[in-house]
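Engineer:
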Amino acid sequence: MVCVVHQLAAGAGVFELQILEFSNYRLQLSSGACCGGGAAPPAPSSGAPSTGGACGQPCRTRFALCLKEYQSAAAPGACSFGRASSPVLGTDSFTLSDPLHTLSLPFSFRWTRSFTLILQAYDDYNYTDPEESGLIEEAWWSGIVEPGAEWHALRHAGAAAAVAYRVRVLCQPNYYNTTCTTFCRPRDDKFGHYACSASGDKRCLPGWQGDNCEKPVCKEGCHPTHGRCDKPGECSCRPGWRGELCSQCQPYPGCKHGYCNGSSWDCTCDTNWGGILCDQDLNYCGTHEPCQHGGTCENTAPDQYLCTCAEGFSGVDCERVDNPCAPQPCAHGTCSLGPASTSPTSHAAPAGFVCSCERGWTGPRCDADVDDCASAPCQNGAVCRDRLDAFLCECTAGWTGVTCTEDVDECAENNGGAEGALGPCVNAAACNNSAGGYSCTCLAGWTGRDCELNVDDCTGQCLNGATCIDLVDDFHCACAAGYAGRTCARDVDDCASRPCRNGGECVDLLDAYRCICPVGFSGTDCEEDRDHCTGSPCANGATCYTAQSDYYCHCSPGWTGKNCTQRAAREQLDECTPNPCSNNASCLPSPKGFTCICVEGYTGETCAIREEKRCELVCVNGGSCVRDPFPAPAGSSLANLPHHCACPPGWAGTLCDLPISPPVAPIASVPMQTAIIPITNAGIPCSCLHGGSCVSVGGASTWACVCRPGWSGAHCERAADGCSSSPCRNGGRCVGGAGWWTCECTLGWSGPDCSSPSCDPTCPSPAVCTASGAIARCVCPPPPARLARRCLELVAGLGEESGEAADGNESGSESTAEASDTPGACGADNGTWWWGCNACRCVGGAPSCTRLWCGLPDCLAPAALPCRTDEVCVPAAPALCLRPPCSPLGECRRVSGRRVEPPALPAPAACWPGARSSPPPGCARAELRLARERLARGAHVERACAALRRALAAALADRAPPAPPLTLLCDLAPDDDDALDLALWAGEEDDSEGVSALAAAVRVLSELISRRRLAHHALLAAALRLRVEHGTPTLPRAAVAEAAANSSGTGGALLALAAGAPLLLLGAAAGAFFLIRRRRAAATAAIDERSRCRDEEKSNNLQNEENLRRYANPLREDRVPREVDELPRAHSLYKAQNADVRNNTPPRDKELTKRVLPPPEPPPARHPPPERLTVLV
């Protein structure tokens, strides 16, 4: 056990280093000398080329490794973690491959994660000079490497050589975690049955449990108390219990008529049984019924009884019969005494009595029924049932009567049918009665005993796939298409109506026909008279002939193809020889002749015409096309043309086709439509599609189509892209296609085109949702209206009607309307609105806002921005959750080395909540008492502070001039969990404006609590009173007195003042005397108190300094000392936290956790970072 404890405390592992590559192309040592003992080569003269003197002896390179504690810079000293060396691995320059030589340094201490390694390369040569060690290059590196199989590659480039190597740390077998201190060795014996996880935790083998997995898991359901097991899956019962799961008790041995009743070795007797073993019958009469012949039994003792016999019986059990007729032996007769008789006809019994039987009974005791069916009285197959002195005949069908001898006339029975019905016959001509039955004469088409079945007349009748419908004594055939007749045997002649026109020949088909049309006609009925040669499709003098459904061109000699447009192969000539194209154009032969590929700036068939760049836009309504670098609007089909239309007054748009005022164009009667594209070609008739209107533009030879909305193109032939006109406003995204569009609005906007502001949540009355730039916000009436402040409180979620509208914003996150960088512009209503946690109003047409600090951003919010690369997101302390559960809160803290720095607060540390020193100028502190039982779930200190900031901003919104920057910080009181410490900071400037603003803020906070303005808020409804610290130096006495008066109730103070007015004059002299004495006593007490607080603060600062060491780098000893007397008590939401400390440090007392790190140091100057590994904190 001592060995195991030592292993757990010490740890064990191995540090490994492998050389990957080494470069020493100059073959020199670090001293400048050559390898192998050669002298240093001479330096080349200035300006002369180096022609010789290079080292020629190759190096024999070996390496030495030194591992020590972490140092910011390698310093000489002992290798505290160990040394290792390698043999000669290569010459001056080499690259190694697997298997690589490993320099291993086993260690048997707790791995510190951070270290410094020194790698030295030596030339393996016996140097005679005592000052020459053969050192080629020395590399060092400091950083953190955690145990694991992964290699970490490093590189060093020195003055003499460069080396690439890799390192890793491995824990020895059975050692785990980041420090190789967790010891876990798998075992499966009587001391434990477990394996080890990747982190070194014990994982019990299947069937075992316990701290050391030494307890077997019994069979499922085995009783935990009455059962046990020595192996997994067993269930052995303890004495007194039985059953598969040991859940059944076992009675006491020898218990006869009893049970154990849930307890082992118990014998609870059954009913009427007694005794220790339940073997004595307490109700012998009830159990055995010993008395015979109606005797009465009486229990006299256990297992004993007494029979009281009826008259005529005697004996212990009344078994003797003294009078034979006493037991009434005759079942259905009268008993009389008489001698025994042996006559077979006599009813006398051998017992000495005679039975006179009643009618229908027989036998010595009159207990046998006389069989009245013995004479077979029932006829015609009826069944005879014996009755008491009678019989009953169950007749077969067709017979009736007592003995079933009377015939039933079935044809005369009606059975509820219509009058004149023929008995059971339903579709019959006659009903014939017979002895014991009947017969039906069926009508035609019916069959069956009662003529109830219809004869199937469809068998083999209908032909050619027709459907047969069975009728009564008949059938009907539903013929398939193309057939007719009673049995559908006749084919219908579809050509009988002569459907083919223009001399077409009709061919009859099955339920169809086909017309063979003469030349020049087509269509289903040869109704289309079409000349396929219309339009002269044949070229080059070919003759056109109309065919059945096409045309045929009879080509002239030398031409071929469907339209005679291709030269015949034997007639083709090289049209490009000589080159007919001008101006360096390229000639391409083609079936039609040749084609010229013109260079830029020329056009024409042979590229002989110089091309003049012209405006490619056709501007309408008097617009002029201008060639300049301004592009067309985004999304337009003309976006790639470097031109635009300069429109006359009253017109706008890409082509000057959109009227701004009543249009003055020639086509003023045409409503606003899509683009109008004139077409100047008198040879093409005007043809507008999809309801477009044709109008004349600029003359008789120029026309244009005015398209309906949703269509575009020269002929209105193309469905317009709904998004081409950019209909969505305020950043909305347009989604559409040909002829349709819809807008996906950004947050804060709604409507078909995203033009209507949308506030989420809905603005409470009297606030109105209005647009400000690209955002929407709730705007309240302008001050000094009475509703302005109340409206701001409702929008911020501080009132009864607001509900939970602003709960999400109290954590520090802001809505879309509040997250902008500017407060927005003033509207026509000149109202008030929120910008973050500040309230804004319009003064002189410009926004004027309060300047409260809104708190640190919440880095754990769902849409929070990530922290910077040199920061880490630190969660808030759990103690700040006043009533769980609370949603998580966090803040970004800067990381310096291995230390998490304090938060960046705009107030000095002396003005933080709970600071023990006197508040500096510009600072005020107060205590807010809470009733925890009134707090709602999720109440958090920072959310309550955010609500107080908004309430303070709403009250200071109409202050003139605007209040200077204010900072409100909150924290739990140091010695009271039912109170909050508040700190207000207005800046260090000692001016009247700052003092006035600080006094106004304190007065507002006091009013909020004393007048219960926040009584409906979920978090601040629990506020009881506010106590302002009277030692605040920056507050005027009037402000302190007013705050205290508001806290205790102004009404009571005035009433007390009015009642004591007559006594003021009498007590003035005495009051002055006692006041002087009290001030002297208070001054003496204050000196003693300051001395005591200074001693107490020194003690606490020692604890705080010890706490700071947990965050500092333990390997760095050159920390800058700080004045411990300046350390205030921490704002616990802002205290530094470190992952190692949170996970490995036991909880400390409450006072110590309230401490804070020193104020943040200024960021160090940026230098090129050294080679290092990336470490996640």
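In terms of UniProt numbering, the sequence shown has 794 at position 794, counting the first letter as 1, and numbering is strictly consecutive. Ideal placement from N, C-alpha and C gives every residue a C-beta, glycine not left out.
1. Three-state secondary structure (DSSP) at H288?
2. For W399 and A412, I'd like the C-alpha separation in whole angstroms.
3. Among the residues of its own chain, which have a CB less than 7 Å from the CB of H715, if the five just before and after it don't count?
4. Looking at E988: is its Cβ nearer than 7 Å to the Cβ of G938?
5. Can you tell me whether E298 is helix, strand or coil according to DSSP?
6. S724: buried (16+ other C-beta within 10 angstroms of its C-beta) or exposed?
7. On the three-pair Cβ rule with 8 Å, is the segment 924-932 touching the segment 973-984?
8. What are the partner residues of Y602, as DSSP defines its beta bridges?
9. For H644, which residues does DSSP report across the bridge?
10. Would you list the one or two residues that DSSP bridges to F521?
11. State whether the segment 21-31 contacts the segment 55-64, with contact taken as three or more CB pairs (one from each stretch) at a distance under 8 Å.
12. DSSP state of A861, grouped into three classes?
13. Which class does residue 1218 belong to by DSSP, given the choice of helix, strand or coil?
14. Does the beta-carbon distance from P903 to L969 come in below 7 Å?
15. Tell me the DSSP secondary structure of P76 in three-state form.
16. With DSSP as the reference, identify every bridge partner of V795, one or two as the case may be.
17. Who are the Cβ neighbours of D531 in its own chain at under 8 Å, not counting the five residues just before and after it?
18. Which runs of the alpha helix (DSSP H) at least 4 residues long sit entirely within the segment 962-1015? Give them in chain order.
19. Using a threshold of 6 Å, is the CB atom of A825 nearer than that to any non-hydrogen atom of the ligand ZN?
20. Spell out the partners DSSP gives Q566 in its beta bridges.
21. By the three-class DSSP mapping on this structure, what secondary structure does R943 have?
22. In three-state DSSP terms, what is G11?
23. Out of H554, Q18 and P866, which one is the CA nearest neighbour of H101?
24. Count the other C-beta atoms from every protein chain shown that fall within 10 angstroms of the C-beta of Q328, then say buried if there are 16 or more, exposed otherwise.
25. For the segment 109-121 and the segment 93-100, state whether three or more C-beta atom pairs, one from each stretch, are separated by less than 8 Å.
26. Are there 16 or more other CB atoms within 10 angstroms of the CB of F63, so buried, or fewer, so exposed?
27. Can you give the Cα-Cα distance for P662 and C694, rounded to whole angstroms?
28. Between the Cα of E605 and those of G622, P580, C619 and V620, spot the shortest distance and give me the residue it belongs to.
29. Quick one: residues in its chain with C-beta nearer than 7 Å to the C-beta of A1023, no 5 flanking neighbours on either side, listed in chain order?
30. Identify which residue in R490, R514 and A489 has its Cα closest to the Cα of S497.
31. To the nearest angstrom, how far is the alpha carbon of P782 from that of A960?
32. In chain order, what are the residue ranges of uninterrupted alpha helix (DSSP H) at least 4 long that sit wholly in the segment 203-253?
33. Assign H940 to buried or exposed, taking buried as 16 or more other Cβ atoms, counted over all protein chains shown, within 10 Å of its Cβ.
34. Touch check for the segment 944-955 and the segment 886-895: three-plus C-beta pairs under 8 Å?
35. Can you list, in chain order, the stretches of the alpha helix (DSSP H) that have 4 or more residues and sit fully within the segment 885-959?
36. Based on Cα-Cα distance, which residue from A973, C873, E69 and S996 lies nearest to I144?
Structural biologist: Answer, in terms of the structure:
1. helix
2. 14 Å
3. Excluding sequence neighbours, H715 sits near S687, C688, L689 and C705.
4. At least 7 Å separates the beta-carbon of E988 from that of G938.
5. The answer is strand: DSSP assigns E298 an E or B state.
6. buried
7. yes
8. R610
9. V626
10. In the DSSP assignment, F521 forms a beta bridge with D529.
11. yes
12. coil
13. The chain is shown only over 1 to 1177; residue 1218 falls outside these bounds and no answer can be derived.
14. no
15. coil
16. V795 is not bridged to any residue.
17. Only G520 and T546 meet the Cβ criterion.
18. 992-1010
19. This structure lacks the ligand ZN, and indeed carries no ligand of any kind.
20. T560
21. helix
22. Assignment of G11 by DSSP, reduced to helix, strand and coil, places it in the coil class.
23. Q18
24. exposed
25. The segment 109-121, when compared against the segment 93-100, does not touch it at the 8 Å Cβ threshold.
26. buried
27. Note that P662 scores 39 on pLDDT, short of 50, meaning its location in the model is unreliable; the coordinates nonetheless yield the value given after this. Taking the straight line from one Cα to the other gives about 21 Å.
28. P580
29. L928, L930, I1009 and L1014
30. R514
31. P782 and A960 have their C-alpha atoms roughly 14 Å apart.
32. none
33. buried
34. no
35. 941-955
36. Cα-wise, what sits closest to I144 is E69.
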